[in-house]
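In our numbering, the protein residues as written are 2 to 327.
Beta carbons are placed, not taken as given, at the ideal position from N, Cα and C, and that holds for glycine.
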Ligand SMILES: [Zn+2]
Ligand SMILES: [Zn+2]
């Protein structure tokens, strides 16, 4: 009896070890988890970056990544939370409405209801179940049905708590968390999320290290708004003093940054905006501006001739943004 019991346990432990090994191997290949500082972690690999705050009160996520990555994202979140808390995912904050940042909302909300191993069944029919989703009101406007047409996203993915105006405060895991809504920048519904005690800023796509800023003109974006928002991020970040850590910045895409990285990016965007503005004022057409290559010296770092956001698209968006009536 006893021997069998031990064999049984050995087998069980073996299965657990193998399963855990497979799970972590699979996870490592797609979602990378990085401790930023304080209670905040950065998840990379779900297209859009994700920030996760973990503490005794539970879990908070800033953005949920692209839909195809959600299962792995949530597995990584569960692993992060397990040693710290048995409380669920309570809050999701969306920095804006784009699908590479909200694609996991629906599943993540459901996980919020079930992360402790309770009712694993099905869909959320009620906004009081699952995690609360915070976002600026314009995120809701763009995710839900605009004037009677079919909504571009399912209701289960929509924000449950929206704010108007330029600021919203939360307090969670012993930490003040501020949402700042800049004037239209990447879109007209951006939020910059500031974890005050951990000293971490999550910027959404206002700041990305991998490309020129995406100005979603159709969704109210503006080049001058992006520059204003980058300057605002610089207002709330404090640089490192000697070896001490300063404010860390999680961009919408790309690597973990600090204030100096944002300064460099802000300078680049400002210089290019000024060049295109000068050309525009001289009466140059969009084609002439493109031909003059106002981004040339920065193209090795941020430029692209293929993909979803090319250098040409950026120059065109800046030109159109500057020529639009304010
Ligand atoms: Zn994005
Ligand atoms: Zn975006």
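Neighbourhood of residue 274 by C-beta distance below 7 Å, restricted to the same chain and skipping five residues each side
Hits under 7 Å: 224, 228 and 319.
Please list the terminal residues of the continuous beta strand (DSSP E) segment that includes residue 170.
Where residue 170 is concerned, the enclosing beta strand (DSSP E) stretches over 168-173.
Residue 101 CB to nearest chain B CB: under 9 Å?
Protein chains in the displayed structure number just one, and chain B is not present.
Classify residue 110: buried if its beta carbon has 16 or more other beta carbons within 10 angstroms, exposed otherwise.
Around the beta carbon of residue 110, a 10 Å sphere encloses 16 or more other beta carbons of the protein chains shown; the residue is thus reported as buried.
For residue 172, is the classification buried or exposed, using 16 other Cβ atoms within 10 angstroms of its Cβ as the cut-off for buried?
Looking at its Cβ environment, which holds fewer than 16 other Cβ atoms inside 10 Å, residue 172 is exposed.
Looking at residue 217 and residue 99, is the spacing between their C-beta atoms short of 9 Å?
In this structure, residue 217 lies closer than 9 Å to residue 99 by Cβ.
6 Å CB neighbourhood of residue 271 in its chain, flanking five on each side removed
Cβ contact annotation for residue 271 (same chain, cutoff 6 Å, sequence separation greater than five): 228, in chain order.
CB of residue 137 to nearest heavy atom of ligand 2: below 8 Å?
In terms of side-chain proximity, the C-beta atom of residue 137 is found no nearer than 8 Å to any non-hydrogen atom of ligand 2.
For residue 48, count neighbouring Cβ atoms within 10 angstroms of its own Cβ and tell me buried if that reaches 16, exposed if not.
Counting the other Cβ atoms within 10 Å of the Cβ of residue 48 gives 16 or more, which makes it buried.
For residue 191, verify whether its CB is less than 8 Å away from any heavy atom of ligand 1.
Not under cutoff, so the answer is no.
How many Å lie between residue 283 and residue 276 at the Cα?
Approximately 11 Å between the Cα atoms of the pair.
Starting from the Cα of residue 201, find the closest Cα among 303, 108 and 41 and give me that residue.
Looking at the Cα atoms, 41 is the closest of the given residues.
Give the DSSP bridge partners of residue 180, in chain order.
In the DSSP output, where bridge partners are listed per residue, residue 180 has 169 and 194.
What alpha helix (DSSP H) runs, 4 residues minimum, are completely inside the segment 62-105?
Annotation note: the segment 62-105 contains the following uninterrupted alpha helix (DSSP H) runs of length 4 or greater, listed N- to C-terminal: 71-82 and 100-103.
Can you tell me the Cα-Cα spacing of residue 59 and residue 212, whole angstroms?
So the two alpha carbons sit approximately 34 Å from each other.
Whole angstroms are fine: how far does the CA of residue 285 sit from the CA of residue 35?
Distance between the alpha carbons of residue 35 and residue 285 is about 46 Å.
Ignore the nearest five residues each way along the sequence and tell me which others in residue 226's own chain have a CB closer than 7 Å to its CB.
Contacts found: 183, 184, 185 and 186.
Have a look at residue 70 and residue 253 and give me their C-alpha separation to the nearest angstrom.
So the two alpha carbons sit approximately 16 Å from each other.
How about residue 234 and residue 208: do their beta carbons lie closer than 9 Å?
Yes, these two residues count as a Cβ contact at 9 Å.
Beta-carbon proximity of residue 215 to residue 96, cut-off 9 Å:
No; because the gap between Cβ atoms is not below 9 Å, this pair is not in contact.
Determine the burial state of residue 165: buried for a count of at least 16 other Cβ atoms within 10 Å of its Cβ, exposed for fewer.
With fewer than 16 other CB atoms across the displayed protein chains lying within 10 angstroms of its CB, residue 165 is exposed.
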